[in-house]
Amino acid sequence: MGTSPTTSAVPQKQLEDPLAHLPCSSILEYKKGQVIYSQDQPSTSLYLVIDGKVKVCRMADDGRLVVVDIYQTDEFFGESAFLGTPTRDEQSLALENTKVMTWTASEIEEIVMKRPRLAVALLQILVQRSLDFGHRIESFSVDNIARRLARTLIRFSERLGETSEDGSVQMMPFTHELLSQYVGTSREIVTHYMNQFRRQGYLRYSRKGILLYRDAMRDWLRQQAA
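Sequential numbering of the sequence shown, starting at 86, is according to my numbering.
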């Protein structure tokens, strides 16, 4: 199949750093599980994760939550503020104790007038996210659930994990519920495939975290595509 095992991120050295152009702003703190903004709140501010991790999700018409993405230190979320919509179509909450910095859309516009390279940096972020979503949509179209879950674990390990000398990657203990909301299936099915991957030696997991043998998982994906 044509879907690549991982997203093709642009090398960071080619990207403009938005933090080099943004002045410090107010810092807000949220406890684990606390809502940062909900779908019924005005879409007015852009957020930067200073410390911790944030889950952004949407409520589907049938009431199920769909995880848009997870953001970590030095990553932005809440970019719908630039559209000036009356309310947001997504909600965000802290996956762990989290600190964020926030700017209103009007403040960002004023800064861009003085520092136009900030606009380039923000545009690059949005384009990269569009590419990532394109890969994810492609996976939804051509992959079965096991392959979608494998790609999700690989992507999370690349963005949110810590690599050990043996090549394994340690990640936070993502719940099977969260993984199901990202992959687009039920918690029970995710649990089934997580147990299968564990028996096959591709990962280990507990309440302390997930240990992924990423190279082995990539090999499995390639074998499935052959």
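Glycine included, C-beta positions come from ideal geometry on N, C-alpha and C.
{"Asked": "Alpha carbon to alpha carbon, what distance is there between G137 and A231?", "Found": "29 Å"}
{"Asked": "Exposed or buried, which one is V151 when buried takes at least 16 other CB atoms within 10 Å?", "Found": "exposed"}
{"Asked": "Three or more C-beta pairs under 8 Å: does that hold for the stretch 205 to 214 against the stretch 260 to 267?", "Found": "no"}
{"Asked": "With distances taken from CA atoms, which of S271, R307, F259 is nearest S291?", "Found": "F259"}
{"Asked": "On the three-pair Cβ rule with 8 Å, is the stretch 157 to 166 touching the stretch 215 to 235?", "Found": "no"}
{"Asked": "Mapping the DSSP letters down to three states, classify R292 as helix, strand or coil.", "Found": "coil"}
{"Asked": "Nearest by alpha-carbon distance to T248: which of L238, D147, L297, W188 is it?", "Found": "L297"}
{"Asked": "Tell me whether S123 sits in a helix, a strand or coil according to DSSP, three-state version.", "Found": "coil"}
{"Asked": "Helix, strand or coil: how does DSSP classify E194 here?", "Found": "helix"}
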